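A short worksheet on the structure shown next.
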Amino acid sequence: MKLKSFLILAISVHLTIVAQCCFAQTANHFKPEPELLATIQKNFSDARVQYEFMAKQLDTDQFPKTYKESTGKLETSNSGWWCSGFYPGTLLLLYEQSHDQRLLTEADRMMKVLSKEQYNTHTHDLGFMMYTSFGNANRIAPQPGYKQILLNSAKSLSTRFNPTVGCIKSWDSKPSDFLVIIDNMMNLELLFWATRATGDSSFYKIAVTHANTTMKNHYRPDYSSYHVLNYDAQTGAVKEKKTAQGYANESAWARGQVWGLYGFTVMYRETKDKKYLEQAEHIAHFILANTNLPADKIPYWDFNDPKIPNVLRDASAGAIMASALLELCRYADKKAAATYFTTAQSILKTLSSDTYKARPGTNGGFLLKHSVGHLPGKSEVDVPLTYADYYFVEAMKRYKDFASK
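In the working numbering, the protein residues as written are 1244 to 1648.
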(Lines of atoms letter the chains of each structure in order from A and count residues from 1; the text may use other names and numbers.)
(Lines give C-alpha, C1' and ligand atoms only; values in the text may rest on other atoms or scores of the structure.)
Protein backbone atom coordinates (compact mmCIF):
# COMPACT_ATOMS: atom_id res chain seq x y z
CA MET A 1 0.00 0.00 0.00
CA LYS A 2 1.36 3.46 -0.83
CA LEU A 3 2.34 5.57 2.18
CA LYS A 4 0.08 8.44 1.10
CA SER A 5 -2.95 6.17 0.84
CA PHE A 6 -2.11 4.61 4.20
CA LEU A 7 -1.91 8.02 5.86
CA ILE A 8 -5.27 9.05 4.36
CA LEU A 9 -6.91 5.94 5.73
CA ALA A 10 -5.21 6.29 9.14
CA ILE A 11 -6.35 9.89 9.47
CA SER A 12 -9.85 8.95 8.31
CA VAL A 13 -10.10 6.18 10.92
CA HIS A 14 -8.83 8.52 13.66
CA LEU A 15 -11.33 11.23 12.73
CA THR A 16 -14.14 8.69 12.62
CA ILE A 17 -13.34 7.53 16.16
CA VAL A 18 -13.13 11.13 17.41
CA ALA A 19 -16.40 12.02 15.68
CA GLN A 20 -18.17 9.00 17.09
CA CYS A 21 -17.08 10.02 20.59
CA CYS A 22 -18.15 13.62 20.04
CA PHE A 23 -21.57 12.79 18.63
CA ALA A 24 -22.48 9.81 20.79
CA GLN A 25 -23.76 12.13 23.53
CA THR A 26 -26.00 13.98 21.08
CA ALA A 27 -27.47 10.72 19.80
CA ASN A 28 -28.14 9.54 23.35
CA HIS A 29 -30.50 12.45 23.97
CA PHE A 30 -33.08 10.82 21.72
CA LYS A 31 -35.48 8.31 23.18
CA PRO A 32 -37.65 6.58 20.58
CA GLU A 33 -41.32 6.42 21.42
CA PRO A 34 -42.39 2.92 22.53
CA GLU A 35 -45.62 3.17 20.55
CA LEU A 36 -43.77 4.01 17.33
CA LEU A 37 -41.24 1.24 17.97
CA ALA A 38 -44.16 -1.19 18.25
CA THR A 39 -45.60 0.18 15.00
CA ILE A 40 -42.24 -0.28 13.32
CA GLN A 41 -42.07 -3.90 14.45
CA LYS A 42 -45.52 -4.40 12.93
CA ASN A 43 -44.35 -2.68 9.75
CA PHE A 44 -41.36 -5.01 9.51
CA SER A 45 -43.66 -8.00 9.94
CA ASP A 46 -46.07 -6.73 7.30
CA ALA A 47 -43.19 -5.90 4.96
CA ARG A 48 -41.90 -9.45 5.21
CA VAL A 49 -45.32 -10.73 4.18
CA GLN A 50 -45.53 -8.18 1.37
CA TYR A 51 -42.13 -8.98 -0.09
CA GLU A 52 -42.70 -12.70 0.04
CA PHE A 53 -45.97 -12.04 -1.80
CA MET A 54 -44.13 -9.90 -4.35
CA ALA A 55 -41.44 -12.54 -4.90
CA LYS A 56 -44.04 -15.05 -6.06
CA GLN A 57 -45.09 -12.71 -8.87
CA LEU A 58 -41.63 -12.24 -10.41
CA ASP A 59 -40.12 -14.21 -13.24
CA THR A 60 -36.52 -15.39 -12.99
CA ASP A 61 -34.76 -12.24 -14.21
CA GLN A 62 -37.35 -9.58 -13.35
CA PHE A 63 -36.89 -6.74 -10.88
CA PRO A 64 -39.96 -4.94 -9.54
CA LYS A 65 -40.40 -1.26 -10.50
CA THR A 66 -43.95 -0.39 -9.52
CA TYR A 67 -47.51 -1.71 -9.44
CA LYS A 68 -50.38 -0.59 -11.60
CA GLU A 69 -53.65 -0.88 -9.75
CA SER A 70 -55.58 -0.51 -13.00
CA THR A 71 -54.05 -3.70 -14.38
CA GLY A 72 -53.38 -5.51 -11.12
CA LYS A 73 -49.86 -6.32 -12.30
CA LEU A 74 -46.31 -5.49 -11.33
CA GLU A 75 -44.27 -3.39 -13.74
CA THR A 76 -40.79 -4.87 -13.89
CA SER A 77 -37.33 -4.19 -15.31
CA ASN A 78 -34.12 -5.98 -16.15
CA SER A 79 -30.97 -5.63 -14.06
CA GLY A 80 -29.81 -2.54 -15.95
CA TRP A 81 -32.59 -0.32 -14.59
CA TRP A 82 -31.29 2.18 -12.03
CA CYS A 83 -33.60 0.84 -9.32
CA SER A 84 -32.61 -2.81 -9.64
CA GLY A 85 -30.64 -2.89 -6.38
CA PHE A 86 -33.45 -1.67 -4.17
CA TYR A 87 -35.46 -4.91 -4.23
CA PRO A 88 -32.64 -7.18 -3.01
CA GLY A 89 -31.49 -4.37 -0.71
CA THR A 90 -34.89 -4.18 0.97
CA LEU A 91 -35.00 -7.95 1.28
CA LEU A 92 -31.63 -7.87 3.07
CA LEU A 93 -32.71 -5.11 5.46
CA LEU A 94 -35.86 -7.09 6.26
CA TYR A 95 -33.81 -10.26 6.71
CA GLU A 96 -31.78 -8.45 9.38
CA GLN A 97 -34.99 -7.81 11.29
CA SER A 98 -36.62 -11.23 10.98
CA HIS A 99 -33.85 -13.71 10.06
CA ASP A 100 -36.38 -15.25 7.69
CA GLN A 101 -34.23 -17.40 5.41
CA ARG A 102 -36.69 -17.01 2.54
CA LEU A 103 -35.86 -13.31 2.33
CA LEU A 104 -32.14 -14.02 2.17
CA THR A 105 -32.64 -16.73 -0.44
CA GLU A 106 -34.63 -14.37 -2.66
CA ALA A 107 -32.05 -11.60 -2.22
CA ASP A 108 -29.26 -13.99 -3.21
CA ARG A 109 -31.23 -15.12 -6.25
CA MET A 110 -31.71 -11.57 -7.47
CA MET A 111 -28.12 -10.54 -6.77
CA LYS A 112 -26.93 -13.33 -9.03
CA VAL A 113 -28.94 -11.71 -11.83
CA LEU A 114 -27.70 -8.25 -10.83
CA SER A 115 -24.02 -9.14 -10.55
CA LYS A 116 -23.20 -8.52 -14.21
CA GLU A 117 -23.91 -4.82 -13.74
CA GLN A 118 -20.58 -4.49 -11.92
CA TYR A 119 -19.07 -3.92 -15.38
CA ASN A 120 -21.71 -1.44 -16.53
CA THR A 121 -19.92 1.81 -17.46
CA HIS A 122 -22.98 3.41 -19.07
CA THR A 123 -24.70 4.45 -15.84
CA HIS A 124 -23.89 6.63 -12.84
CA ASP A 125 -26.37 4.67 -10.72
CA LEU A 126 -24.05 1.87 -9.64
CA GLY A 127 -24.25 3.10 -6.07
CA PHE A 128 -28.02 2.73 -6.12
CA MET A 129 -27.77 -0.59 -7.93
CA MET A 130 -24.82 -2.29 -6.26
CA TYR A 131 -24.23 -0.66 -2.88
CA THR A 132 -27.83 -1.01 -1.69
CA SER A 133 -27.67 -4.69 -2.60
CA PHE A 134 -24.12 -6.08 -2.45
CA GLY A 135 -23.09 -3.38 0.02
CA ASN A 136 -25.73 -4.54 2.49
CA ALA A 137 -24.93 -8.19 1.78
CA ASN A 138 -21.24 -7.57 2.47
CA ARG A 139 -22.05 -5.65 5.65
CA ILE A 140 -24.28 -8.43 6.98
CA ALA A 141 -22.05 -11.37 6.02
CA PRO A 142 -18.76 -10.27 4.37
CA GLN A 143 -17.57 -12.43 1.49
CA PRO A 144 -14.65 -12.01 -0.93
CA GLY A 145 -17.10 -12.33 -3.83
CA TYR A 146 -19.19 -9.42 -2.61
CA LYS A 147 -16.08 -7.32 -2.09
CA GLN A 148 -14.86 -7.95 -5.63
CA ILE A 149 -18.22 -7.10 -7.17
CA LEU A 150 -18.34 -3.85 -5.20
CA LEU A 151 -14.79 -2.98 -6.18
CA ASN A 152 -15.49 -3.64 -9.86
CA SER A 153 -18.61 -1.51 -9.55
CA ALA A 154 -16.59 1.36 -8.08
CA LYS A 155 -14.08 1.05 -10.91
CA SER A 156 -16.89 1.14 -13.48
CA LEU A 157 -18.42 4.20 -11.83
CA SER A 158 -15.03 5.94 -11.80
CA THR A 159 -14.74 5.68 -15.58
CA ARG A 160 -17.49 8.28 -15.84
CA PHE A 161 -15.47 10.91 -13.97
CA ASN A 162 -14.16 13.87 -15.98
CA PRO A 163 -11.40 15.76 -14.12
CA THR A 164 -11.94 18.89 -16.23
CA VAL A 165 -15.59 19.07 -15.24
CA GLY A 166 -14.92 17.72 -11.76
CA CYS A 167 -17.93 15.40 -11.84
CA ILE A 168 -19.14 11.93 -12.66
CA LYS A 169 -21.34 12.01 -15.76
CA SER A 170 -24.95 11.08 -15.04
CA TRP A 171 -26.71 10.76 -18.37
CA ASP A 172 -25.06 10.04 -21.69
CA SER A 173 -25.82 12.64 -24.34
CA LYS A 174 -24.05 14.25 -27.29
CA PRO A 175 -20.24 14.45 -26.91
CA SER A 176 -20.18 18.20 -26.20
CA ASP A 177 -22.57 17.84 -23.26
CA PHE A 178 -21.82 16.55 -19.79
CA LEU A 179 -25.05 16.04 -17.81
CA VAL A 180 -24.92 15.76 -14.03
CA ILE A 181 -27.99 15.28 -11.81
CA ILE A 182 -28.28 15.87 -8.07
CA ASP A 183 -29.20 12.19 -7.62
CA ASN A 184 -25.55 11.35 -8.32
CA MET A 185 -24.63 12.42 -4.79
CA MET A 186 -26.19 9.14 -3.66
CA ASN A 187 -23.66 7.06 -5.61
CA LEU A 188 -20.56 8.45 -3.88
CA GLU A 189 -20.88 6.17 -0.86
CA LEU A 190 -19.71 3.27 -3.02
CA LEU A 191 -16.50 5.13 -3.82
CA PHE A 192 -15.74 5.84 -0.17
CA TRP A 193 -16.24 2.16 0.57
CA ALA A 194 -13.75 1.28 -2.20
CA THR A 195 -11.03 3.46 -0.67
CA ARG A 196 -11.59 1.93 2.77
CA ALA A 197 -11.53 -1.57 1.32
CA THR A 198 -8.42 -1.15 -0.86
CA GLY A 199 -6.42 1.84 0.37
CA ASP A 200 -6.66 3.35 -3.11
CA SER A 201 -7.35 7.04 -2.48
CA SER A 202 -8.37 7.73 -6.08
CA PHE A 203 -11.97 6.70 -5.34
CA TYR A 204 -12.07 9.04 -2.35
CA LYS A 205 -10.70 11.93 -4.41
CA ILE A 206 -13.31 11.44 -7.15
CA ALA A 207 -16.13 11.47 -4.58
CA VAL A 208 -14.84 14.63 -2.89
CA THR A 209 -14.26 16.42 -6.20
CA HIS A 210 -17.74 15.54 -7.45
CA ALA A 211 -19.33 16.73 -4.20
CA ASN A 212 -17.37 20.00 -4.24
CA THR A 213 -18.36 20.73 -7.82
CA THR A 214 -21.99 19.91 -7.06
CA MET A 215 -21.98 22.11 -3.99
CA LYS A 216 -20.57 24.98 -6.03
CA ASN A 217 -22.84 24.77 -9.07
CA HIS A 218 -26.03 22.86 -8.28
CA TYR A 219 -27.24 25.02 -5.40
CA ARG A 220 -29.07 28.33 -5.37
CA PRO A 221 -28.49 30.99 -2.67
CA ASP A 222 -31.41 29.58 -0.62
CA TYR A 223 -29.81 26.09 -0.75
CA SER A 224 -32.43 24.61 -3.02
CA SER A 225 -31.00 22.50 -5.80
CA TYR A 226 -31.38 22.28 -9.54
CA HIS A 227 -31.98 18.78 -10.82
CA VAL A 228 -29.72 18.76 -13.91
CA LEU A 229 -26.62 20.72 -14.86
CA ASN A 230 -25.14 20.57 -18.32
CA TYR A 231 -21.40 21.22 -18.37
CA ASP A 232 -19.14 21.78 -21.34
CA ALA A 233 -17.25 18.51 -21.52
CA GLN A 234 -14.11 20.23 -22.84
CA THR A 235 -13.87 23.25 -20.54
CA GLY A 236 -15.97 22.35 -17.50
CA ALA A 237 -18.05 25.53 -17.85
CA VAL A 238 -21.72 25.36 -16.84
CA LYS A 239 -23.91 25.62 -19.95
CA GLU A 240 -27.40 24.98 -18.53
CA LYS A 241 -29.20 24.63 -15.21
CA LYS A 242 -32.57 22.93 -15.28
CA THR A 243 -35.02 20.68 -13.43
CA ALA A 244 -36.15 17.87 -15.70
CA GLN A 245 -38.36 15.97 -13.25
CA GLY A 246 -39.70 18.98 -11.35
CA TYR A 247 -42.30 21.63 -12.05
CA ALA A 248 -39.93 24.14 -13.70
CA ASN A 249 -36.24 24.85 -14.11
CA GLU A 250 -36.21 27.21 -11.12
CA SER A 251 -38.45 25.07 -8.91
CA ALA A 252 -37.37 22.82 -6.06
CA TRP A 253 -38.22 19.26 -7.04
CA ALA A 254 -38.80 17.50 -3.73
CA ARG A 255 -36.90 14.29 -4.30
CA GLY A 256 -33.94 16.22 -5.66
CA GLN A 257 -33.74 18.22 -2.43
CA VAL A 258 -33.66 15.10 -0.27
CA TRP A 259 -31.11 13.35 -2.50
CA GLY A 260 -28.84 16.27 -1.72
CA LEU A 261 -29.67 16.20 2.00
CA TYR A 262 -28.83 12.51 2.22
CA GLY A 263 -25.76 12.79 -0.02
CA PHE A 264 -24.07 15.62 1.87
CA THR A 265 -24.82 13.92 5.19
CA VAL A 266 -22.90 10.91 3.86
CA MET A 267 -20.12 13.24 2.72
CA TYR A 268 -19.69 14.49 6.27
CA ARG A 269 -19.76 10.99 7.71
CA GLU A 270 -17.04 9.85 5.33
CA THR A 271 -14.74 12.89 5.44
CA LYS A 272 -15.57 14.72 8.69
CA ASP A 273 -15.15 17.94 6.70
CA LYS A 274 -17.46 20.48 8.37
CA LYS A 275 -18.32 22.19 5.10
CA TYR A 276 -20.39 19.13 4.19
CA LEU A 277 -22.19 19.16 7.53
CA GLU A 278 -22.95 22.85 7.00
CA GLN A 279 -24.24 22.10 3.51
CA ALA A 280 -26.47 19.28 4.76
CA GLU A 281 -27.87 21.54 7.49
CA HIS A 282 -28.51 24.39 5.05
CA ILE A 283 -30.45 21.98 2.84
CA ALA A 284 -32.35 20.68 5.86
CA HIS A 285 -33.28 24.25 6.79
CA PHE A 286 -34.54 24.96 3.27
CA ILE A 287 -36.79 21.92 3.46
CA LEU A 288 -37.99 22.12 7.05
CA ALA A 289 -38.58 25.88 7.12
CA ASN A 290 -40.32 25.86 3.76
CA THR A 291 -43.84 27.21 4.02
CA ASN A 292 -44.96 24.58 1.50
CA LEU A 293 -43.86 21.64 3.64
CA PRO A 294 -47.05 20.03 4.98
CA ALA A 295 -47.56 19.62 8.71
CA ASP A 296 -47.15 15.83 8.44
CA LYS A 297 -43.78 16.38 6.68
CA ILE A 298 -44.52 14.32 3.56
CA PRO A 299 -43.49 16.75 0.79
CA TYR A 300 -45.52 17.76 -2.18
CA TRP A 301 -43.82 16.42 -5.30
CA ASP A 302 -42.35 19.89 -5.97
CA PHE A 303 -42.10 22.68 -3.39
CA ASN A 304 -42.99 25.29 -6.01
CA ASP A 305 -45.99 23.78 -7.77
CA PRO A 306 -48.42 26.74 -7.89
CA LYS A 307 -51.39 24.42 -7.36
CA ILE A 308 -50.29 23.47 -3.82
CA PRO A 309 -52.07 22.15 -1.76
CA ASN A 310 -54.05 20.43 -4.50
CA VAL A 311 -51.10 18.44 -5.83
CA LEU A 312 -49.58 15.03 -5.23
CA ARG A 313 -47.41 14.15 -2.28
CA ASP A 314 -44.25 12.07 -2.74
CA ALA A 315 -43.85 9.30 -0.17
CA SER A 316 -40.43 8.44 -1.59
CA ALA A 317 -39.15 11.94 -0.80
CA GLY A 318 -40.54 11.61 2.72
CA ALA A 319 -38.86 8.25 3.28
CA ILE A 320 -35.48 9.45 1.99
CA MET A 321 -35.74 12.60 4.13
CA ALA A 322 -36.53 10.60 7.27
CA SER A 323 -33.56 8.31 6.77
CA ALA A 324 -31.21 11.23 6.10
CA LEU A 325 -32.40 13.19 9.14
CA LEU A 326 -31.95 10.18 11.40
CA GLU A 327 -28.29 10.21 10.48
CA LEU A 328 -27.86 14.00 10.39
CA CYS A 329 -29.24 14.34 13.92
CA ARG A 330 -26.20 12.40 15.16
CA TYR A 331 -23.84 15.10 13.92
CA ALA A 332 -25.72 18.35 14.58
CA ASP A 333 -25.83 20.48 17.72
CA LYS A 334 -28.45 19.60 20.30
CA LYS A 335 -31.17 22.02 19.18
CA ALA A 336 -30.95 21.24 15.46
CA ALA A 337 -30.58 17.55 16.15
CA ALA A 338 -33.80 17.52 18.13
CA THR A 339 -35.63 19.11 15.19
CA TYR A 340 -34.21 16.54 12.77
CA PHE A 341 -35.11 13.64 15.03
CA THR A 342 -38.68 14.75 15.72
CA THR A 343 -39.26 15.51 12.04
CA ALA A 344 -38.10 12.04 11.05
CA GLN A 345 -40.29 10.59 13.78
CA SER A 346 -43.28 12.47 12.39
CA ILE A 347 -42.58 11.19 8.89
CA LEU A 348 -42.38 7.59 10.10
CA LYS A 349 -45.71 7.95 11.86
CA THR A 350 -47.34 9.39 8.75
CA LEU A 351 -45.90 6.75 6.42
CA SER A 352 -47.08 4.06 8.83
CA SER A 353 -50.67 5.28 8.56
CA ASP A 354 -53.32 3.71 6.33
CA THR A 355 -52.96 6.69 3.98
CA TYR A 356 -49.48 5.60 2.87
CA LYS A 357 -48.90 2.05 4.08
CA ALA A 358 -50.57 -0.68 2.05
CA ARG A 359 -52.55 -3.50 3.58
CA PRO A 360 -50.80 -6.90 3.37
CA GLY A 361 -51.70 -8.70 0.18
CA THR A 362 -52.36 -5.49 -1.76
CA ASN A 363 -50.31 -2.94 -3.69
CA GLY A 364 -48.45 -5.63 -5.61
CA GLY A 365 -46.45 -6.44 -2.50
CA PHE A 366 -45.02 -2.95 -2.09
CA LEU A 367 -45.06 -1.47 1.37
CA LEU A 368 -45.80 2.19 0.56
CA LYS A 369 -48.30 3.92 -1.73
CA HIS A 370 -48.32 7.41 -3.25
CA SER A 371 -44.87 8.11 -4.65
CA VAL A 372 -44.09 10.25 -7.67
CA GLY A 373 -41.39 9.26 -10.14
CA HIS A 374 -41.46 11.65 -13.11
CA LEU A 375 -44.64 13.69 -13.17
CA PRO A 376 -43.78 15.91 -16.19
CA GLY A 377 -42.94 12.75 -18.13
CA LYS A 378 -46.17 11.11 -16.94
CA SER A 379 -44.14 8.17 -15.66
CA GLU A 380 -44.68 6.44 -12.30
CA VAL A 381 -47.16 8.99 -10.96
CA ASP A 382 -48.89 8.32 -7.61
CA VAL A 383 -47.71 4.71 -7.42
CA PRO A 384 -45.53 2.49 -5.20
CA LEU A 385 -41.81 2.61 -5.97
CA THR A 386 -38.94 0.35 -4.89
CA TYR A 387 -36.77 3.15 -3.53
CA ALA A 388 -39.62 4.51 -1.39
CA ASP A 389 -39.81 1.11 0.30
CA TYR A 390 -36.04 0.81 0.65
CA TYR A 391 -35.50 4.14 2.38
CA PHE A 392 -38.61 3.67 4.53
CA VAL A 393 -37.23 0.36 5.79
CA GLU A 394 -33.77 1.92 6.26
CA ALA A 395 -35.28 4.85 8.19
CA MET A 396 -37.23 2.48 10.45
CA LYS A 397 -34.05 0.50 11.10
CA ARG A 398 -32.17 3.70 11.97
CA TYR A 399 -34.95 4.81 14.33
CA LYS A 400 -35.02 1.42 16.01
CA ASP A 401 -31.23 1.57 16.45
CA PHE A 402 -31.65 4.60 18.74
CA ALA A 403 -33.44 2.34 21.19
CA SER A 404 -30.29 0.26 21.68
CA LYS A 405 -28.00 3.24 22.43
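Each residue gets a CB set at the ideal place from its N, CA and C atoms; glycine is no exception. As the structure is a computational prediction, the values presented were derived from the model and not from experiment.
Rounded to the nearest angstrom, the Cβ distance from F1635 to A1562 is 4 Å, consistent with a contact under 8 Å. Between the alpha carbons of A1523 and A1565 lies a distance of about 14 Å. Secondary structure note for I1551: it is in no alpha helix (DSSP H), with a DSSP letter that is neither H nor E. In this structure, S1322 sits near E1360, with a CB-CB distance shorter than 8 Å.
For F1421, the enclosing beta strand (DSSP E) begins and ends at D1420 to I1424. The C-beta of A1631 has 16 or more other C-beta atoms within 10 Å across all chains shown, which makes the residue buried.
Put simply, the backbone Cα of L1394 is about 6 Å away from that of A1437. For the pair Y1374 and E1432, the Cα-to-Cα distance works out to about 8 Å.
Contact between P1418 and A1476 holds, since their C-beta atoms are separated by about 7 Å, short of 8 Å. A straight line joining the alpha-carbon of Y1633 with that of R1498 spans about 14 Å.
Non-local C-beta neighbours of R1345 in its own chain, meaning closer than 7 Å and more than five positions away in sequence, comprise E1295, ordered along the chain. Burial is judged here by how many other beta carbons sit within 10 angstroms of a residue's own beta carbon; G1370 has at least 16 and is buried. In the three-state reduction of the DSSP assignment, T1319 falls in the strand class. With distances taken between CA atoms, V1626 lies nearest to G1607 out of K1640, G1607 and N1533. The beta carbon of K1518 lies closer than 8 Å to those of M1458 in the same chain, with the five residues before and after it left out. For V1471, the pairing in a beta bridge is given by DSSP as I1424 and K1485. Around the beta-carbon of T1364, fewer than 16 other beta-carbon atoms lie within 10 Å, marking it exposed.
Between L1520 and Y1574, the gap from beta carbon to beta carbon is short of 8 Å.
The shortest CA-to-CA distance from M1297 to any of I1392, S1313, L1317 and T1303 is the one to L1317. In the pairwise beta carbon analysis, the stretch 1328 to 1341 is classified as touching the stretch 1374 to 1393: at least three pairs are separated by under 8 Å.
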